[in-house]
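Here's the structure we're looking at; comments come further down.
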Amino acid sequence: MKRSERMVPVQRVLGSTERERARDMGAAQQGLDSAQSRLQELQQYHAEYLHGFQQTARAGRNALALRDFQVFLGRLEDAIRQQEQIVAQARQGVAGSTRLWQSAAQRVKAVDSVVGKWQGDERRHDGRLEQKETDERAQRQPARGSTGRLEQ
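No gaps in the numbering here: position 94 of the sequence shown is 480 in this note's numbering, and each next residue is one more.
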């Protein structure tokens with residue numbers, strides 16, 4: 387078995403690992419997208435609720451209603467801070483999974499390069515052997531084209 391053929395299982399394993407890392411990276415990106423979407427929803431809801439609070443304050447609502455608005459706004463702000471932390475963690479997760487995928491892809495590329503070089507070497511070697519055999523066969527065969535007569 388040729389060297390390049392012995393590397394086929396290694397290539398399969400590395401390729402499988404690289405595809406798995408790519409899937410992990412995609413899942414991490416989806417998680418980040420989801421977390422960012424949730425953050426935007428919270429921020430938008432906060433802005434809308436703040437606008438409602440300002441209108442209620444201008445309308446002269448009672449202090450208890452204003453206090454309830456403020457408490458709820460405080461809770462929304464806490465939720466936004468927590469969601470910002472989730473987004474930051476998700477970004478780190480994407481960065482980490484991207485590094486793992488890039489590393490796996492580099493290994494695949496390196497092994498593919500080595501196998502390609504070995505295959506080229508093997509083709510050249512096989513070509514030289516074939517040429518040598520052809521040359522030997524040609525030397526063993528009697529010369530053709532001779533009529534067998536002596537020339538005068």
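Glycine included, each C-beta is placed from N, C-alpha and C at the ideal position.
If Gly412 sits next to Val494, beta carbons under 8 Å apart, how far is it from one beta carbon to the other, in whole angstroms?
Locating residue 412 in the sequence shown gives position 26, where the first residue counts as 1. Locating residue 494 in the sequence shown gives position 108, where the first residue counts as 1. Not confirmed; about 17 Å, so no contact.
What does the alpha-carbon distance come out to for the pair Arg398 and Lys388?
Stepping through the sequence shown from its first residue, residue 398 is reached at position 12. Stepping through the sequence shown from its first residue, residue 388 is reached at position 2. The alpha-carbon atoms of Arg398 and Lys388 are separated by roughly 17 Å.
Count the other C-beta atoms from every protein chain shown that fall within 10 angstroms of the C-beta of Glu404, then say buried if there are 16 or more, exposed otherwise.
The residue you call residue 404 lines up with position 18 of the sequence shown. It is buried - the Cβ of Glu404 has at least 16 other Cβ atoms within 10 Å.
Would you identify the three-state DSSP class for Gln538, choosing helix, strand or coil?
Indexing the sequence shown from 1 puts residue 538 at position 152. Low confidence applies to Gln538: its pLDDT is 48, below 50, so where it sits in the model is not reliable, and the reading given next is rough at best. Coil.
Three-state secondary structure (DSSP) at Gly548?
Shown here, the chain extends from 387 to 538; a query on residue 548 therefore has no answer.
Which same chain residues, not among the five before or five after Tyr431, have their C-beta less than 8 Å away from its C-beta?
Here residue 431 corresponds to residue number 45 of the sequence shown, with the count starting at 1. Only Leu462 meet the Cβ criterion.
Report the rounded CA-to-CA distance for Ala490 versus Val394, giving the unit in angstroms.
One-based indexing of the sequence shown puts residue 490 at position 104. One-based indexing of the sequence shown puts residue 394 at position 8. The straight-line gap from Cα to Cα measures roughly 16 Å.
Would you tell me roughly how many angstroms separate the C-alpha atoms of Ser420 and Asp498, rounded to the nearest one?
Counting from 1 along the sequence shown, the entry for residue 420 is found at position 34. Counting from 1 along the sequence shown, the entry for residue 498 is found at position 112. Looking at the two C-alpha atoms, the distance is approximately 36 Å.
Hey, how far is the Cα of Phe455 from the Cα of Glu406?
Locating residue 455 in the sequence shown gives position 69, where the first residue counts as 1. Locating residue 406 in the sequence shown gives position 20, where the first residue counts as 1. Distance between the alpha carbons of Phe455 and Glu406 is about 48 Å.
For a quick check, are the C-beta atoms of Gln422 and Val480 less than 8 Å apart?
Here residue 422 is taken as the residue at index 36 of the sequence shown, counted from 1. Here residue 480 is taken as the residue at index 94 of the sequence shown, counted from 1. Cβ atoms of Gln422 and Val480: not closer than 8 Å.
Here's the rule I'm using: 16 or more other beta-carbon atoms within 10 Å means buried, otherwise exposed. How should Glu537 be labelled?
Sequence index remark: in the sequence shown, residue 537 carries index 151 (1-based). In this prediction, Glu537 has a pLDDT of 49, which is less than 50 and means its spatial position is unreliable; what the coordinates show is noted afterwards. By the 10 Å Cβ count, Glu537 comes out exposed.
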